[in-house]
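Notes follow once the structure below has been shown.
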Amino acid sequence: MDFSRKLFSSLAGNQTVDSGRAVQDAKAFSDESLVSLKQNISNPNISTSAMKENMLRLIYGEMMGQDVQFGAIYALKLAQSGQTVAEKRAELIVPYLDKIKESLYDPEPSVMSAALGFFAAVAQDHAKEVQDLVTVLVKILQQVVDGKLPKGYSYHGTAAPWIQIRCLQIMARLGHRDFRYMHEFSSVQFSSVQKNASKTMTPVIMGAFHKARQGVDAAFAIILELCHSKDPSRNPLLIIPKFATSSNQNLKYLGISMLCQVQADAWSDSWWSEELLSAVVQALESRDTSIQRRALDLLYRMLTIDNSENIIERLVYAFYQEQELVEKQGSGSEICTSSRREYIPSRKEKILGQILDAAERFGKSEEWYLDLIFGLLQSGGSGVTMQTCEKIKRVVEQGARSPAFNTTHLRVLAVGKTMQVLAHRDYNLNAKINGNPHYALAYFALWVLGEYGDNAEDWSLSTIFETLARCLLINQDPLIQEYTLTALTKAALKSVPNGIPKSISTIVRNQMLRQPPSFPQPLLFHDQSYSLFTSSVDIHQRAQEFLMIAELAS
2 MDFSRKLFSS LAGNQTVDSG RAVQDAKAFS DESLVSLKQN ISNPNISTSA MKENMLRLIY
62 GEMMGQDVQF GAIYALKLAQ SGQTVAEKRA ELIVPYLDKI KESLYDPEPS VMSAALGFFA
122 AVAQDHAKEV QDLVTVLVKI LQQVVDGKLP KGYSYHGTAA PWIQIRCLQI MARLGHRDFR
182 YMHEFSSVQF SSVQKNASKT MTPVIMGAFH KARQGVDAAF AIILELCHSK DPSRNPLLII
242 PKFATSSNQN LKYLGISMLC QVQADAWSDS WWSEELLSAV VQALESRDTS IQRRALDLLY
302 RMLTIDNSEN IIERLVYAFY QEQELVEKQG SGSEICTSSR REYIPSRKEK ILGQILDAAE
362 RFGKSEEWYL DLIFGLLQSG GSGVTMQTCE KIKRVVEQGA RSPAFNTTHL RVLAVGKTMQ
422 VLAHRDYNLN AKINGNPHYA LAYFALWVLG EYGDNAEDWS LSTIFETLAR CLLINQDPLI
482 QEYTLTALTK AALKSVPNGI PKSISTIVRN QMLRQPPSFP QPLLFHDQSY SLFTSSVDIH
542 QRAQEFLMIA ELAS
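Numbering (the working numbering), first residue to last: 2 to 555.
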């Protein structure tokens with residue numbers, strides 16, 4: 002594929018950058034390229050070749066640790082826009098496999114390499130039709146290991162690593178069809194249908210293994226491919242410490258990523274060595290944000306009832322670190338999430354989602370959970386959205402998955418915690434982030450009092466009414482007043498047998514209904530005056546509803 006001059010210089014220019022500048026490179030890529038890249042791929046008239054180049058840019062952005070999920074749908078669309086028969090109807094190619102196999106014997110290594118990519122895909126669904134390729138693959142692998150290919154195919158002293166990996170992958174898939182020889186290759190995921198092919202395969206695989214041990218970078222990828230195993234009694238993590246503890250940032254990232262790919266049902270505490278655990282902890286302190294983020298994902302996968310408290314604390318710390326980074330970089334750092342039409346959660350929101358999920362599943366007590374939640378609501382910044390509040394509401398309404406939680410007790414404690422927080426804040430629920438109002442705490446706190454205020458053990462319902470009345474008087478924001486009136490109405494419905502203090506009705510009548518809503522002139526639907534008018538009407542309607550219920554209850 003042809004690269005544009007700008008993309009080539011961008012890729013080539015970063016080959017000499019040391020690992021310590023990974024964060025700066027990621028920020029530069031985000032600032033300079035992310036906006037234009039999003040505009041380019043969303044252009045309906047973009048050509049296929051230009052789209053392919055933009056996909057390469059997306060891959061590069063992912064390598065730099067950026068959140069480029071907004072391009073996933075375009076990548077999928079590009080993958081499904083095949084033009085050839087093989088791309089549109091792959092099953093029609095099967096009768097012509099014998100002819101295509103001749104490409105593996107082509108004297109030009111690039112043709113042979115391209116054919117390997119094709120047969121790697123064929124072997125997934127049609128392994129039976131291509132099982133006779135084992136002998137050819139062994140010969141190709143032997144030639145590569147012996148250095149018979151031109152020097153241009155070597156990478157940092159490793160002979161054609163991508164060709165080696167392709168050969169190993171195809172042989173692994175073909176070998177799975179016959180379990181008679183799996184015991185002969187327990188350390189590698191290979192076997193052959195034919196016994197002589199199996200015997201031929203062994204020395205060349207071991208030769209590739211020993212050759213790869215002498216190299217760096219891409220050679221480790223070959224070792225990884227060689228050491229795949231399906232034997233549940235063997236520790237799949239034995240090879241990983243060499244990656245995860247490497248001083249090379251790329252290898253360290255690869256090691257942490259390998260740990261993330263281990264299946265959840267394959268975890269065994271006996272496999273974790275001190276060296277490996279130390280490597281994960283060190284990765285959390287890495288200067289490279291890509292490694293930090295991958296290590297956090299690994300921690301989340303390692304969650305158990307025993308380590309949940311420590312891991313959640315670490316996730317919370319990372320959440321606030323991410324928040325500080327966003328504040329320093331400004332709103333441009335969350336460009337990917339700015340479109341309502343195509344919303345992609347930011348990294349901060351992803352960590353917050355992990356925190357909430359972990360706390361619900363493994364929370365040690367209701368008090369601990371509420372302390373965590375109210376701390377996030379008060380200090381979480383823009384990452385705590387109304388969707389976050391809805392998730393927390395569901396836990397209070399429906400109960401948590403943690404065996405330590407009792408739903409009724411959680412609701413009672415939630416009311417008490419809300420009263421404490423409001424008193425500590427002098428009933429002021431106004432909050433602003435970057436000059437914009439933030440309603441997460443107000444929304445959740447007032448919802449708790451309105452929904453479960455009658456469940457409080459240490460506060461009477463009249464005290465709840467007084468608290469809501471104070472919130473109504475102190476907070477002049479129209480939306481907070483609407484939340485407060487809704488909470489008052491819910492509480493009033495639950496106090497019908499006992500009545501509502503007359504002072505509360507007086508406050509609502511005097512403060513909320515003293516000025517009838519006036520229709521602004523001129524009314525422009527795109528003007529702010531329209532939203533103010535709508536809010537004023539809504540407040541008056543909610544106030545009238547509360548007063549009607551209060552009258553019925555008295």
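Every residue gets a Cβ at the ideal spot worked out from N, C-alpha and C, and that includes glycine.
Remember, predicted model here, so these are calculated numbers, not experimental data.
query                                                                                                                                                            : result
Please classify N311 as buried or exposed, where buried requires at least 16 other C-beta atoms within 10 Å of its C-beta.                                       : exposed
Between Q542 and L442, is the Cβ-Cβ spacing less than 8 Å?                                                                                                       : no
Can you give me the C-alpha to C-alpha distance between Q512 and E483, rounded to a whole angstrom?                                                              : 13 Å
Could you pull out every residue in the same chain whose Cβ sits closer than 7 Å to the Cβ of S155, ignoring the five residues on either side in sequence?       : A161
Please list the segments of the alpha helix (DSSP H) lying wholly inside the segment 96-145, counting only runs of 4 or more residues, in order along the chain. : 98-102, 110-126
Assuming contact is defined by CB atoms lying nearer than 8 Å, are K418 and F375 in contact in what I supplied?                                                  : yes
What does a CB cutoff of less than 7 Å around H127 pick up in its chain, not counting 5 residues either side in sequence?                                        : V95
Excluding sequence positions up to five away, which residues of its chain have a Cβ less than 6 Å from the Cβ of A319?                                           : L297, I352
Could you name the residues that DSSP lists as bridge partners for Y46?                                                                                          : For clarity, residue 46 is Asn in the given sequence; the question names Tyr instead. Its beta-bridge partners do not exist; DSSP assigns none.
So, with DSSP's three-state summary, where would you put Y156?                                                                                                   : strand
Does the separation of the CB atoms of W460 and A488 fall below 8 Å?                                                                                             : no
Using DSSP's beta-bridge definition, name the partner residues of I241.                                                                                          : Answer by DSSP bridge pairing: none, since I241 is not bridged.
Assuming contact is defined by CB atoms lying nearer than 8 Å, are V422 and R412 in contact in what I supplied?                                                  : no
From H410 to S506, what distance separates their C-alpha atoms?                                                                                                  : 31 Å
Using the beta-carbon count (16 or more within 10 Å), is N476 buried or exposed?                                                                                 : buried
Taking three-plus beta-carbon pairs below 8 Å as touching, is the segment 299-318 in contact with the segment 360-372?                                           : yes
Enumerate, from N- to C-terminal direction, the unbroken alpha helix (DSSP H) stretches of 4 or more residues contained entirely within the segment 351-408.     : 367-380, 387-399
Within the continuous alpha helix (DSSP H) that includes I74, where are the two ends?                                                                            : 73-80
To the nearest angstrom, report how far apart A245 and Y301 are at their CA atoms.                                                                               : 17 Å
Return the residue from the list M64, S537, I171 that minimises the CA-CA distance to V123.                                                                      : I171
Excluding the 5 residues flanking V69 on each side, which residues of the same chain have their C-beta closer than 7 Å to its C-beta?                            : L59, G62, E63
Please list the terminal residues of the continuous alpha helix (DSSP H) segment that includes W448.                                                             : 441-453
Grab me the residues of I164's own chain with a C-beta within less than 6 Å of its C-beta, minus the 5 sequence neighbours each way, in chain order.             : S114, V145
Between Y440 and I481, which are expected to be in contact by the criterion C-beta below 8 Å, what is the C-beta distance as a whole number of angstroms?        : 7 Å
Taking the alpha carbon of Y370 as the point to measure from, which residue in G382, T408, V327, L93 has its own alpha carbon closest?                           : T408
How many Å lie between K100 and L175 at the Cα?                                                                                                                  : 20 Å
For N431, which three-state DSSP category applies?                                                                                                               : coil
Alpha carbon to alpha carbon, what distance is there between D455 and Y428?                                                                                      : 19 Å
Please return the same chain residues whose Cβ sits closer than 7 Å to the Cβ of S496, not counting the five positions on each side in sequence.                 : L462, A554
For L255, which residues in the same chain have their Cβ closer than 6 Å to its Cβ, ignoring the five residues on either side in sequence?                       : F244
Using a Cβ-Cβ cutoff of less than 8 Å, which residues in the same chain neighbour P110 once the five nearest sequence positions on both sides are dropped?       : L150, P151, Y154, A161, I164
If contacts are defined as beta-carbon pairs under 8 Å, then G66 and R294 qualify, I think. What distance do you get, rounded to the angstrom?                   : 7 Å
Please list the terminal residues of the continuous alpha helix (DSSP H) segment that includes N511.                                                             : 503-513
May I ask you to report which of helix, strand or coil DSSP gives N249?                                                                                          : coil
According to DSSP, simplified to helix, strand and coil, what is N476?                                                                                           : coil
Using the C-alpha atoms, what's the distance from Q132 back to K102?                                                                                             : 12 Å
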